[in-house]
Amino acid sequence: MQGQCRYKFLVATFLCAWALNARSSVPEALEGLLVSSKNQGSRSNLSLQSTESMWRSEGTSILATADIITTARNSFTIGYYQTLDDFSSPKKNAYFLRYDYTFLGTQSVSLKWLHNDWNYIPAAQENIALEYNGFLLVESLGTGAYYSIGIYKRWLKQIWNENYQSPFSFQTEDTSFFAVAALGLSYRVSGNLITFDFNNRSTFNFYNTDDVGTDLTYYWQFSSGSFLRMLLGTRWSGFFTYLPGYATTSYLALGYSW
């Protein structure tokens, strides 16, 4: 009975998402192309996020990203994240560099380096990801779909590893590979955009294949080329093992994109 209830809940969640024609929190570099439809120039995002998990409260954090989109629609993206519990020594912080080679107007291959610090443990992690990204739009209906699939390698560094908090330091034997993916739908109304997706990635973290997030995002067009952004999401542990698994983390983010 419990298994049937979980299965029905998963099916209902997916059907609701499909009915909304939603599409999610777009992978960071694609927002400049899909959300604001920028062909070149720059794009910036600044958000405050509140996160609660079954293990600990992360409280409020700040997230910032910036894109530079070339005339060929290739893009360079940088980002920074940290919790606001102690500005000089936060519990967690992360930063990344990403390059997208864009082709066919809506497809890209990206290479991303991401560094995470967990100062409360203490530990750190280097991540390098190679992903194929893209989106499809049906302009007449205002709907679309987006996807991202790839692989990443992580280097987990503990306090006994030399220079464990230094970026681009890979001096550890604790390494592994994981697949990374995101899939969602989108619906545009009067310049505003609603998105929903399933993913095992976020802008400042990668997850294993059984840790899945469901993200609902609303972009409200504030002025030409700028948006107010609200994200509501949940992460599920044991998503495929228990269908849909157990909700372990919830988060709400409010931000501005320009």
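Numbering (this note's numbering), first residue to last: 12 to 269.
Note that beta-carbon positions come from the ideal geometry of N, C-alpha and C, so glycine has one too.
These numbers were taken from a predicted model, which means no experiment stands behind them.
Quiz item: Is the segment 123-139 close to the segment 248-261, with three or more CB pairs under 8 Å?
Solution: Flag = no, the segment 123-139 and the segment 248-261 do not touch.
Quiz item: On the three-state DSSP scale, how would you describe Y158?
Solution: In the sequence shown, the residue the question calls residue 158 occupies position 147. Correct three-state label for Y158: strand.
Quiz item: To the nearest whole angstrom, what separates the beta carbons of V191 and Y163, a pair I think is in contact under 8 Å?
Solution: Here residue 191 refers to the residue found at position 180 of the sequence shown. Here residue 163 refers to the residue found at position 152 of the sequence shown. Going by Cβ atoms, the distance from V191 to Y163 rounds to 5 Å, so yes, they are a contact pair.
Quiz item: To the nearest whole angstrom, what separates the beta carbons of F207 and D222, a pair I think is in contact under 8 Å?
Solution: For the purposes of this step, residue 207 is taken as residue 196 along the sequence shown, with counting starting at 1. For the purposes of this step, residue 222 is taken as residue 211 along the sequence shown, with counting starting at 1. Contact doesn't hold; Cβ gap of about 18 Å is too wide.
Practice problem: Identify whether F251 lies in helix, strand or coil by the three-state DSSP scheme. | Solution: Here residue 251 refers to the residue found at position 240 of the sequence shown. Helix, per DSSP.
Exercise. Compute the distance between the beta-carbons of A105 and K123, then report whether it is under 8 Å.
Key: For this step, residue 105 is matched to residue 94 along the sequence shown. For this step, residue 123 is matched to residue 112 along the sequence shown. Not a contact, by the Cβ cut-off of 8 Å.
Quiz item: Leaving out the 5 sequence neighbours to the left and right, which residues in its chain are closer than 6 Å to S58 when beta-carbon positions are compared?
Solution: Locating residue 58 in the sequence shown gives position 47, where the first residue counts as 1. Only L74, A264 and G266 meet the Cβ criterion.
Exercise. Enumerate, from N- to C-terminal direction, the unbroken alpha helix (DSSP H) stretches of 4 or more residues contained entirely within the segment 214-261.
Key: Listed in chain order, the complete alpha helix (DSSP H) runs (minimum 4 residues) inside the segment 214-261 are 250-253.
Quiz item: If you drop the 5 nearest sequence neighbours on each side, which residues of the same chain put their C-beta closer than 6 Å to that of A134?
Solution: The residue labelled residue 134 in the question sits at position 123 within the sequence shown. If we look at A134 and ignore the five residues flanking it on each side, its Cβ neighbours are Q169.
Quiz item: Using the beta-carbon count (16 or more within 10 Å), is E173 buried or exposed?
Solution: On the sequence shown, position 162 is the one that residue 173 refers to. Exposed: under 16 other Cβ atoms inside 10 Å.
Quiz item: Which runs of the alpha helix (DSSP H) spanning at least 4 residues fall entirely within the segment 154-215, listed in chain order?
Solution: Entirely contained in the segment 154-215, not one alpha helix (DSSP H) run reaches 4 residues.
Quiz item: For E69, does the count of other Cβ atoms within 10 angstroms reach 16, so buried, or fall short, so exposed?
Solution: Against the sequence shown, residue 69 aligns to sequence position 58. With 16 or more other Cβ atoms from the protein chains shown falling within 10 Å of its own Cβ, E69 counts as buried.
Exercise. Could you tell me if N144 is buried or exposed, where buried requires 16 or more neighbouring beta carbons within 10 angstroms of its beta carbon?
Key: Residue numbering aside, residue 144 sits at position 133 when the sequence shown is read from its first letter. Its Cβ being crowded by 16 or more others within 10 Å, N144 is buried.
Exercise. Using a threshold of 8 Å, state whether the C-beta atoms of T259 and L242 are closer than that.
Key: Here residue 259 refers to the residue found at position 248 when the sequence shown is read from its first residue. Here residue 242 refers to the residue found at position 231 when the sequence shown is read from its first residue. Taking 8 Å as the Cβ cut-off, T259 and L242 do not qualify as a contacting pair.
Quiz item: Taking just the CA atoms, how far does T154 sit from F107?
Solution: By one-based count along the sequence shown, residue 107 stands at place 96. By one-based count along the sequence shown, residue 154 stands at place 143. Cα to Cα, the separation comes out at about 30 Å.
Quiz prompt | Host beta strand (DSSP E) of G145 (start-end) | solution = Stepping through the sequence shown from its first residue, residue 145 is reached at position 134. Judged by DSSP secondary structure, G145 falls within the beta strand (DSSP E) whose first and last residues are A134 to V149.
Self-check item: Cβ shell of S86 (< 6 Å), same chain only, five flanking positions each side left out
Solution: Numbered from 1 along the sequence shown, position 75 holds the residue referred to as residue 86. Contacts found: A40, D78, I80 and D111.
Quiz item: Quick one: what's D97 bridged to in DSSP?
Solution: Working through the sequence shown from its first residue, we reach residue 97 at position 86. For D97, no pairing in a beta bridge is given by DSSP.
Quiz item: Which residues share a DSSP beta bridge with N130?
Solution: As a position in the sequence shown, residue 130 is number 119, starting the count at 1. Note: N130 sits in no beta bridge, so no partner.
Quiz prompt | C-alpha gap between E137 and L167, whole angstroms | solution = Translated into the one-based positions of the sequence shown, residue 137 becomes position 126. Translated into the one-based positions of the sequence shown, residue 167 becomes position 156. Roughly 7 Å separates the two Cα atoms.
Quiz item: Terminal residues of the continuous beta strand (DSSP E) containing K103?
Solution: As a working note, residue 103 is residue 92 in the sequence shown. First-last of the beta strand (DSSP E) with K103: K103 to F114.
Quiz item: From A156 to T113, what does the alpha carbon distance come to, in whole angstroms?
Solution: Counting from 1 along the sequence shown, the entry for residue 156 is found at position 145. Counting from 1 along the sequence shown, the entry for residue 113 is found at position 102. Cα-Cα distance, rounded: 17 Å.
Self-check item: Whether F217 touches F189 by CB criterion (8 Å)
Solution: Mapped onto the sequence shown, residue 217 falls at position 206. Mapped onto the sequence shown, residue 189 falls at position 178. For the 8 Å CB-CB criterion, F217 and F189 form a contact.
Quiz item: Is the Cβ-Cβ distance between Q60 and Y262 less than 8 Å?
Solution: The count along the sequence shown starts at 1 and reaches residue 60 at position 49. The count along the sequence shown starts at 1 and reaches residue 262 at position 251. Yes, they are a contact pair.
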